[in-house]
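Chemist: Residues in the sequence shown are numbered consecutively from 32, following our numbering.
Virtual Cβ for every residue (Gly too), placed ideally from N, Cα, C.
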Amino acid sequence: MQPDPGFWAGKRVCVTGGTGFLGWHIVRQLLPIAGHVRVLGLAPASKALAKRLAGLDCIFADVRDADAVQAGLRDCDVVMHAAGPVAVWGRGLSEMLAIHVDGTNRVLAALPPGARLVHTSSVVTVGASQQHEILTETSRFNLQQLRVDYVHAKRQSEEIALEASQRGADVVVVNPGFLLGPEDEASVMGRFCLRFWRGHMPMIPPGGLNIVDVRDVARGHLLAAEHGRRGSRYILGGANYTMRDFVACLSSIDPFTPPPRLSLPASVQSALAYLAEARAVVVRREPYPSLQHARLSRFCWWYSSERAHAELGWSARTLPESLADTYRWFVEAGRLRRPVAVG
Numbered sequence: 032m033q034p035d036p037g038f039w040a041g042k043r044v045c046v047t048g049g050t051g052f053l054g055w056h057i058v059r060q061l062l063p064i065a066g067h068v069r070v071l072g073l074a075p076a077s078k079a080l081a082k083r084l085a086g087l088d089c090i091f092a093d094v095r096d097a098d099a100v101q102a103g104l105r106d107c108d109v110v111m112h113a114a115g116p117v118a119v120w121g122r123g124l125s126e127m128l129a130i131h132v133d134g135t136n137r138v139l140a141a142l143p144p145g146a147r148l149v150h151t152s153s154v155v156t157v158g159a160s161q162q163h164e165i166l167t168e169t170s171r172f173n174l175q176q177l178r179v180d181y182v183h184a185k186r187q188s189e190e191i192a193l194e195a196s197q198r199g200a201d202v203v204v205v206n207p208g209f210l211l212g213p214e215d216e217a218s219v220m221g222r223f224c225l226r227f228w229r230g231h232m233p234m235i236p237p238g239g240l241n242i243v244d245v246r247d248v249a250r251g252h253l254l255a256a257e258h259g260r261r262g263s264r265y266i267l268g269g270a271n272y273t274m275r276d277f278v279a280c281l282s283s284i285d286p287f288t289p290p291p292r293l294s295l296p297a298s299v300q301s302a303l304a305y306l307a308e309a310r311a312v313v314v315r316r317e318p319y320p321s322l323q324h325a326r327l328s329r330f331c332w333w334y335s336s337e338r339a340h341a342e343l344g345w346s347a348r349t350l351p352e353s354l355a356d357t358y359r360w361f362v363e364a365g366r367l368r369r370p371v372a373v374g
């Protein structure tokens with residue numbers, strides 16, 4: 032199902048985090064059909080995005096800035112709250128929880144009466160498995176003791192949004208899988224793909240992921256605004272892959288990168304993470320893998336999107352299609368040097 036232009040005609044929409052990877056794709060899909068689109072986010076990191084944003088209604092500010100949020104949400108009928116960083120190491124960890132939690136509180140406080148809020152959460156708030164179990168929106172959260180800051184930042188911000196819905200706010204929550212796609216400046220999965228295609232991944236990490244195209248998740252936000260039930264969560268996920276199968280897909284897209292054959296044991300990955308973090312202190316650059324990467328890799332992050340299929344009419348494209356578009360964009364943007372671009 033595609034978004035309904037009739038629903039969006041005349042509606043005023045604010046996208047928080049609209050200068051980020053997911054946020055920009057939401058903005059792009061809204062521009063042809065919504066009455067007015069306002070972007071609230073940090074100043075764009077790239078000149079290309081700054082050029083695309085030129086002429087749009089933009090407020091460049093931190094989502095914790097109460098005055099900026101109040102101005103951004105003023106008179107809006109729908110708010111897409113997609114603001115919030117992903118950090119796995121360093122100073123970003125100390126700010127991440129505050130941005131997700133305080134930012135969500137600021138957005139809820141400024142939400143105009145009668146406006147619908149689509150809150151961007153993550154599948155990590157649903158839980159994870161160590162036995163390839165496929166989880167749903169009703170699965171019991173089982174990661175209270177996991178020392179990964181992003182999991183708890185997203186979980187707390189989601190709980191705040193859902194509690195507001197119980198008090199009468201019109202809130203719908205979406206839980207995207209692990210995002211990839213074109214126009215990716217610095218996402219977690221984008222960096223992973225680049226590392227592989229540049230030949231910097233000699234061994235296959237443990238674990239498994241639910242991987243989904245950012246363009247489909249953006250469309251899922253629009254469908255959630257149209258059809259989502261107040262106070263409900265909707266997993267927006269793609270296919271479930273072991274890391275071995277995912278790496279095989281990456282290799283099939285790029286004829287220049289031979290697939291690694293050896294698996295990286297979780298214990299060895301943790302040891303490498305300790306060394307990488309020690310080196311990172313010296314070189315002042317984010318380590319790979321970090322300890323938080325290693326902790327995530329001990330789990331299988333697999334999910335079902337059946338509720339979104341049934342209630343929103345949402346579906347996702349296949350991983351090979353997403354990877355081909357992602358690879359092509361990296362080559363054309365000069366992020367990945369190859370003799371020829373994919374045709």
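1. Shortest alpha-carbon distance to valine 278 belongs to which of His231, Leu253, Val46, Val312?
2. Could you spell out where the beta strand (DSSP E) holding glycine 239 opens and where it closes?
3. Do aspartate 88 and arginine 59 have their C-beta atoms within less than 7 Å of each other?
4. Give the straight-line distance between the Cα atoms of leucine 73 and phenylalanine 91, rounded to the nearest whole angstrom.
5. Based on DSSP bridge pairs, tell me the residues matched to serine 294.
6. Given that a residue counts as buried once 16 or more other Cβ atoms are within 10 Å of its Cβ, and exposed if not, what is glutamine 176?
7. Identify, in the order they occur along the chain, each residue of the same chain with its Cβ nearer than 7 Å to the Cβ of alanine 195, setting aside the five sequence neighbours on each side.
8. Roughly how many angstroms separate the alpha carbons of proline 290 and glycine 259, rounded to a whole number?
9. With burial defined as no fewer than 16 other Cβ atoms inside 10 Å of the residue's Cβ, what is the status of valine 312: buried or exposed?
10. Decide if the region 348 to 361 is in contact with the region 149 to 167; the criterion is three or more beta carbon pairs, one per stretch, under 8 Å apart.
11. How would you write the range of the beta strand (DSSP E) that alanine 270 sits in, first residue to last?
12. Buried or exposed: where does aspartate 106 fall if 16 or more other Cβ atoms within 10 Å of its Cβ makes it buried?
13. Is the number of C-beta pairs between the region 161 to 170 and the region 218 to 235 that are closer than 8 Å three or more?
14. Can you tell me which of the three DSSP states leucine 327 falls into?
15. Kindly examine the ligand ATP and report whether one of its heavy atoms sits closer than 6 Å to the Cβ of arginine 275.
16. Compare the C-alpha of methionine 192 against each of Arg137, Pro34, Leu124, Leu281 and name the closest.
17. Taking buried to mean at least 16 other C-beta atoms within 10 Å of its own C-beta, is glycine 48 buried or exposed?
18. At which residues does the beta strand (DSSP E) containing histidine 67 begin and terminate?
19. What is the rounded straight-line gap between the Cα of leucine 174 and the Cα of leucine 240?
20. DSSP has tyrosine 334 in a bridge; who is on the other side?
21. Starting from the C-beta of valine 373, find all residues in its chain whose C-beta is less than 7 Å away, skip the five residues before and the five after it, and write them out in chain order.
22. Round the Cβ separation of proline 237 and serine 328 to the nearest angstrom and send it over; I've been treating them as touching at under 8 Å.
23. Got a sec? Which residues, its chain only, sit under 8 Å from alanine 113 by beta carbon, not counting five neighbours each side?
24. Identify whether valine 179 lies in helix, strand or coil by the three-state DSSP scheme.
25. If you reduce the DSSP assignment to three classes, tell me which class valine 373 lands in.
26. List the whole-angstrom C-beta distance separating methionine 111 from glycine 344, where the pair is believed to meet the contact cut-off of C-beta under 8 Å.
27. Do you know how far the Cα of leucine 104 is from the Cα of proline 75?
28. Could you check what DSSP says for arginine 264 in three-state terms: helix, strand or coil?
29. In three-state DSSP terms, what is valine 117?
Modeler: Taking the geometry as given:
1. Within the sequence shown, numbered from 1, the residue matching residue 278 stands at position 247. The shortest C-alpha separation from valine 278 is found at His231.
2. Residue mapping note: residue 239 aligns to position 208 of the sequence shown, counting from 1. Bounds of the beta strand (DSSP E) holding glycine 239 are 239 to 244.
3. Stepping through the sequence shown from its first residue, residue 88 is reached at position 57. Stepping through the sequence shown from its first residue, residue 59 is reached at position 28. No.
4. Stepping through the sequence shown from its first residue, residue 73 is reached at position 42. Stepping through the sequence shown from its first residue, residue 91 is reached at position 60. Taking the straight line joining both Cα atoms gives about 5 Å.
5. Position 263 of the sequence shown, counted from the start, is the residue given in the question as residue 294. Partner(s): Ile235.
6. Along the sequence shown, read from residue 1 onward, the residue named residue 176 stands at position 145. With fewer than 16 Cβ atoms within 10 Å of its Cβ, glutamine 176 is classed as exposed.
7. Counting from one through the sequence shown, the residue named residue 195 turns up at place 164. Within the same chain, Leu139, Val202 come within 7 Å of alanine 195 by CB-CB distance, once the 5 residues on both sides are set aside.
8. The count along the sequence shown starts at 1 and reaches residue 290 at position 259. The count along the sequence shown starts at 1 and reaches residue 259 at position 228. Near 41 Å, if we compare the C-alpha coordinates of glycine 259 and proline 290.
9. Here residue 312 refers to the residue found at position 281 when the sequence shown is read from its first residue. Within a 10 Å sphere around the beta-carbon of valine 312 sit fewer than 16 other beta-carbons, which makes this residue exposed.
10. As far as the Cβ criterion goes, the region 348 to 361 does not touch the region 149 to 167, which means the pair count is below three.
11. Position 239 of the sequence shown, counting from 1, holds the residue named residue 270. 270 to 273 is the extent of the beta strand (DSSP E) around alanine 270.
12. As a working note, residue 106 is residue 75 in the sequence shown. It counts as exposed.
13. Too few Cβ pairs lie closer than 8 Å, so no.
14. Here residue 327 corresponds to residue number 296 of the sequence shown, with the count starting at 1. In the three-state scheme derived from DSSP, where H, G and I count as helix and E and B as strand, leucine 327 is classed as helix.
15. What this structure holds is no ligand at all, so the ligand ATP is not there to describe.
16. Residue numbering aside, residue 192 sits at position 161 when the sequence shown is read from its first letter. A small correction: the amino acid at residue 192 is alanine; methionine does not occupy that position in the sequence shown. Answer by Cα proximity: Arg137.
17. Counting from one through the sequence shown, the residue named residue 48 turns up at place 17. Glycine 48 comes out buried.
18. The residue you call residue 67 lines up with position 36 of the sequence shown. From DSSP, the beta strand (DSSP E) with histidine 67 extends over 67 to 72.
19. Residue 174 sits at position 143 when you count from the first residue of the sequence shown. Residue 240 sits at position 209 when you count from the first residue of the sequence shown. C-alpha separation (whole angstroms): 16 Å.
20. In the sequence shown, the residue the question calls residue 334 occupies position 303. The partner list for tyrosine 334 (beta bridge, DSSP) reads Leu166.
21. Here residue 373 refers to the residue found at position 342 of the sequence shown. With a pLDDT of only 47 at valine 373, under 50, the local geometry of the prediction cannot be trusted, and the value read off the model is given with reservation. Non-local C-beta neighbours of valine 373 in its own chain, meaning closer than 7 Å and more than five positions away in sequence, comprise Ala355, Tyr358, Arg359, Val362, ordered along the chain.
22. Working through the sequence shown from its first residue, we reach residue 237 at position 206. Working through the sequence shown from its first residue, we reach residue 328 at position 297. About 5 Å; that satisfies the 8 Å criterion.
23. Looking up residue 113 in the sequence shown gives position 82. A distance below 8 Å between beta-carbons, with the five flanking residues on each side excluded, links alanine 113 to the following residues of its chain, in chain order: Val46, Thr47, Gly48, Gly49, Gly51, Leu53, Gly54, Ile57, Thr151, His252.
24. Taking the first residue of the sequence shown as 1, we reach residue 179 at position 148. When DSSP states are grouped into helix, strand and coil, valine 179 belongs to the coil group.
25. In the sequence shown, counting from the first residue as 1, residue 373 sits at position 342. At valine 373, the pLDDT of 47 sits below 50, so the modelled position is not reliable and the matter cannot be decided from this model.
26. Here residue 111 corresponds to residue number 80 of the sequence shown, with the count starting at 1. Here residue 344 corresponds to residue number 313 of the sequence shown, with the count starting at 1. Here methionine 111 is actually not in contact with glycine 344; their C-beta atoms are around 18 Å apart, not less than 8 Å.
27. Within the sequence shown, residue 75 is the residue found at index 44, counting from 1. Within the sequence shown, residue 104 is the residue found at index 73, counting from 1. Roughly 20 Å between the two C-alpha positions.
28. Stepping through the sequence shown from its first residue, residue 264 is reached at position 233. It is a strand residue.
29. Reading the sequence shown from its first residue, position 86 is the one you call residue 117. The three-state reading of DSSP puts valine 117 in coil, since its state is none of H, G, I, E or B.
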